[in-house]
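Notes to accompany the following structure.
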Amino acid sequence: MLRLNSHTHAHRRVHLAKACVQWLQRSSSTAHPRREHTILPPRKNALSVPERFFTAPEESRILRCCLIGPTNAGKSTLLNGLLRSSVSIVSEKIHTTRENMLAYLTEEKYKTQVQFIDAPGALGPHIPAIRRAIWDAVRRANLALIVVDANDKHSARQCEQFLLQLEAVLVDQEKETGRRTQTVLVLNKVDLVKPKAKLLNMSEAFHKAFRFDWPCLMVSARDGSGVDTLRDWLLLMSKPGKWSVAPDVVHERPPVEIAAEIIRAEIFNSYREELPYIIKQRTIGWTELRNGDLRIDQQLLLPDSKRANAHRIVTKRLPGVCIAARPKLAEAFGRPVHLFLTVGKISQQEERDGNMKHV
Ligand SMILES: Nc1nc2c(ncn2[C@@H]2O[C@H](COP(=O)(O)OP(=O)(O)OP(=O)(O)O)[C@@H](O)[C@H]2O)c(=O)[nH]1
Ligand SMILES: [Mg+2]
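Each residue of the sequence shown is one higher than the one before, counting from 947 in the numbering used here.
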């Protein structure tokens, strides 16, 4: 009996070994293809990717918080500071953020998760999609951070109209749902304000114009002052509730979208006037190279109607965009990234659709 068993085991081992050899032979011919056009999640050091299943602690807490306010006030810079991670793109141009961006901060020690919505900026040119995104962010949140540039002395007056619209949205929300999103004023860029007494005047002017639920908070998203205090306060503002994502998830954007955003930030830095707003991006290649590096091929598309001059300018500055974007892509994906950009044209149909998103 024992011998029979040993024989069976030996037979199985031989069979298994043969199967392994066959599998290795098969996979060695496919393991290193010249190019694999598969889209894989980022590797180590990369931004986190969502997990389908996770166990949240008992008595978990949650806060949904949106960042709204004038364009260029520093909302995205502040979000990155709160997350201690570069998730949302930042530039000195207006309307850098074009649609609501979700991001998560989880402090397991406090069993608390904060879901952030970084909204596009208000007070720029009237773009209906941007308006809709802002009010949608407010309705989804429990707490709205109204982020304002403290160094802009006219901001209280400029915000009047925006605050009136916000009040109307909150009144409607209360009528429809019986719930009103709470509001707090966040004066950002305090590093630029001197003397600091000006900040008190500004806070007073805002509080006269709008009924905020909480006293004003003052921060500098750039140098980090006040950001830790704001983060702690947000954690305290959470309420018992289920987490939306696993604790290591910072955002839920697919790698292709992350890459497009990083490149878009450099498009904002490299081109002036209307160009950053009319360029669309199309990822045409995502290649896992044999040595583990990543190759990204992307086209920057200009409307067919644009003059040849625009094409020339975009082409001329392409190497600069590549050079600036590569290290940031490498940091995000945790390995060397070879970026190849070319210039193309948007078809008349795409132009007519007027979709602002990455294509
Ligand atoms: N000095 C200073 N500059 C800041 C601060 N926060 C942001 N900035 C700068 O302000 C500019 C706009 O920052 P963003 O974070 O892109 O502003 P935003 O409100 O998200 O802008 P939109 O997405 O266009 O609405 C960038 O050049 C930032 O570097 C700050 O605390 N101090
Ligand atoms: Mg932004």
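From the three backbone atoms N, C-alpha and C, an ideal C-beta is built for every residue, glycine too. Remember, it's a predicted structure, so these values are computed and weren't measured experimentally.
Mark L1182 as exposed unless 16 or more other C-beta atoms lie within 10 angstroms of its C-beta, in which case mark it buried.
What you label residue 1182 is simply residue 236 of the sequence shown in a count that begins at 1. Classification for L1182: exposed.
- prompt: Using 8 Å as the limit for Cβ to Cβ distance, is V1267 near chain C?
  reply: Note that chain C does not occur in the displayed structure, where there is just one protein chain.
Just curious, the alpha helix (DSSP H) that K1291 is in, first and last residue? Residue numbering aside, residue 1291 sits at position 345 when the sequence shown is read from its first letter. K1291 -> not in any alpha helix (DSSP H); beta strand (DSSP E) instead, spanning V1283 to I1292.
Just checking S1022 against ligand 4 - is the residue's beta carbon closer than 7 Å to any of the ligand's heavy atoms?
Absent from the structure shown: ligand 4. Ligands present: ligand 1 and ligand 2.
* To do: Report yes if the C-beta of K1142 is less than 7 Å from at least one heavy atom of ligand 1; otherwise report no.
  => Taking the first residue of the sequence shown as 1, we reach residue 1142 at position 196. Every heavy atom of ligand 1 is 7 Å or more from the Cβ of K1142, so no.
Original post:
Short check: CB of N1215 to CB of A1278, under 8 Å?
Top reply: Residue 1215 sits at position 269 when you count from the first residue of the sequence shown. Residue 1278 sits at position 332 when you count from the first residue of the sequence shown. The answer is no: Cβ separation not under 8 Å.
Three-way DSSP call (helix, strand, coil) for E1053 in this model: Within the sequence shown, numbered from 1, the residue matching residue 1053 stands at position 107. In the structure shown, E1053 sits in a strand (DSSP, three-state: E or B).
field: N1097 - DSSP class collapsed to helix/strand/coil
entry: Sequence index remark: in the sequence shown, residue 1097 carries index 151 (1-based). In the structure shown, N1097 sits in coil (DSSP, three-state: anything other than H, G, I, E or B).
Cβ neighbour criterion (16 or more within 10 Å) applied to A1075:
Residue numbering aside, residue 1075 sits at position 129 when the sequence shown is read from its first letter. The residue is exposed, with fewer than 16 neighbouring Cβ atoms inside 10 Å.
Checklist line | Buried versus exposed, by CB contacts within 10 Å (16 or more), P1186 | finding: Within the sequence shown, numbered from 1, the residue matching residue 1186 stands at position 240. Exposed is the call here.
Q.
Give me, in chain order, the residues of the same chain whose beta-carbon lies closer than 8 Å to that of G1290; leave out the 5 immediate sequence neighbours on both sides.
A. In the sequence shown, counting from the first residue as 1, residue 1290 sits at position 344. Contacts found: R1228, Q1245, L1246, L1247 and L1248.
Is N1046 close to ligand 1? I mean its beta-carbon at under 7 Å from any heavy atom of the ligand. Translated into positions along the sequence shown, residue 1046 becomes position 100. Flag unset: Cβ of N1046 not near ligand 1.
Is T1052 near ligand 2, judged by its Cβ being under 7 Å from some heavy atom? Within the sequence shown, numbered from 1, the residue matching residue 1052 stands at position 106. Checking every heavy atom of ligand 2 against the Cβ of T1052, none is found closer than 7 Å.
- Please list, in chain order, all residues of the same chain as R1085 whose beta carbon is under 6 Å from its beta carbon, the five residues on each side excluded. Looking up residue 1085 in the sequence shown gives position 139. Answer for R1085: Q1119, listed in chain order.
Would you say the beta carbon of D1064 comes nearer than 7 Å to a heavy atom of ligand 2? Along the sequence shown, read from residue 1 onward, the residue named residue 1064 stands at position 118. Yes; taking the cut-off as 7 Å, the Cβ of D1064 has a heavy atom of ligand 2 nearer than that.
Is it buried or exposed, G1124, if we count other Cβ atoms within 10 angstroms and call 16 or more buried? Taking the sequence shown and counting its residues from 1, the one referred to as residue 1124 is at position 178. Per the 10 Å Cβ criterion, exposed.
### For R1007: DSSP bridge partner residues
On the sequence shown, residue 1007 is found 61 positions in, with the first residue counted as 1. DSSP output for R1007 lists T1058 and P1186 as bridge partner(s).
For C1268, which residues of its own chain have a beta-carbon under 7 Å away from its beta-carbon, when the five flanking residues on both sides are left out?
-> Here residue 1268 is taken as the residue at index 322 of the sequence shown, counted from 1. L1285 and L1287, listed in sequence order.
- What residue range is occupied by the uninterrupted beta strand (DSSP E) comprising R1258? Within the sequence shown, the letter at position 312 stands for residue 1258. R1258 -> not in any beta strand (DSSP E); alpha helix (DSSP H) instead, spanning A1254 to F1279.
Fill in: Assigned secondary structure, A977 (DSSP; H/G/I helix, E/B strand, else coil)
One-based indexing of the sequence shown puts residue 977 at position 31. Residue placement at A977 is flagged as unreliable, the pLDDT there being 39, under the threshold of 50; a coordinate-derived value is accordingly withheld.
Cβ pair L1013, L1025 closer than 8 Å: Counting from one through the sequence shown, the residue named residue 1013 turns up at place 67. Counting from one through the sequence shown, the residue named residue 1025 turns up at place 79. Contact: yes.
### Task
Return the chain-ordered list of same chain residues with a C-beta closer than 8 Å to the C-beta of A1155, the five sequence neighbours on each side being excluded.
Numbered from 1 along the sequence shown, position 209 holds the residue referred to as residue 1155. So the list reads A1102, C1105, E1106 and L1109, once near-sequence residues are dropped.
Item to complete: With D1250 as the anchor, note down where its alpha helix (DSSP H) starts and where it stops.
Response: Here the question's residue 1250 lines up with position 304 in the sequence shown. Segment: none, D1250 is in no alpha helix (DSSP H) and carries neither H nor E.
Next item on the list: State the CB to CB distance for the pair V1130 and I1092, rounded to an integer number of angstroms; the pair is presumed to be in contact (CB under 8 Å).
Entry: Here residue 1130 refers to the residue found at position 184 when the sequence shown is read from its first residue. Here residue 1092 refers to the residue found at position 146 when the sequence shown is read from its first residue. About 7 Å separates the two Cβ atoms, so the contact holds.
**Any non-hydrogen atom of ligand 1 closer than 7 Å to E1219 Cβ** = One-based indexing of the sequence shown puts residue 1219 at position 273. The answer is no for E1219.
Nearest residue (CA-CA) to R1126, options K1021, D1098 and D1159:
Here residue 1126 is taken as the residue at index 180 of the sequence shown, counted from 1. It is D1159 whose Cα lies nearest to the Cα of R1126.
* To do: Per DSSP, which residues does M1047 bridge with? Please list them.
  => For the purposes of this step, residue 1047 is taken as the residue at position 101 of the sequence shown. Answer by DSSP bridge pairing, in chain order: D1064.
### Task
Confirm the yes/no value for this check: CB of G1067, any heavy atom of ligand 2, distance under 7 Å.
Your numbering for residue 1067 matches position 121 in the sequence shown. Checking the Cβ of G1067 against ligand 2 gives yes.
Distance check for S1251 and L1314, CA to CA, integer angstroms please. With the chain covering only 947 through 1305, there is no way to say anything about residue 1314.
### Message
Using the Cβ count rule (16 or more neighbours within 10 Å means buried), how would you classify Q1295?
### Response
By one-based count along the sequence shown, residue 1295 stands at place 349. Label assigned to Q1295: exposed.
* Leaving aside the five residues before and after L1116 along the sequence, list all residues of the same chain whose C-beta is less than 7 Å from its C-beta, in chain order. => As a first step, residue 1116 must be located in the sequence shown, where it is residue number 170. The residues are R1126 and T1127.
Query raised in the report: Which residue spans inside the segment 1129 to 1182 form an unbroken alpha helix (DSSP H) run of at least 4?
Result: 1143 to 1155 and 1173 to 1182
Item to complete: Would you kindly work out how many angstroms separate the C-alpha atoms of P1273 and V1283, rounded to a whole number?
Response: In the sequence shown, the residue the question calls residue 1273 occupies position 327. In the sequence shown, the residue the question calls residue 1283 occupies position 337. Roughly 8 Å separates the two Cα atoms.
query: Cα-Cα, which of W1179, V1260 and L1240 is closest to C1011?
result: Sequence index remark: in the sequence shown, residue 1011 carries index 65 (1-based). Nearest option by C-alpha distance: W1179.
request  = List the DSSP bridge partners of I1242.
outcome  = Numbered from its first residue, the sequence shown carries residue 1242 at position 296. In the DSSP output, where bridge partners are listed per residue, I1242 has W1232 and L1285.
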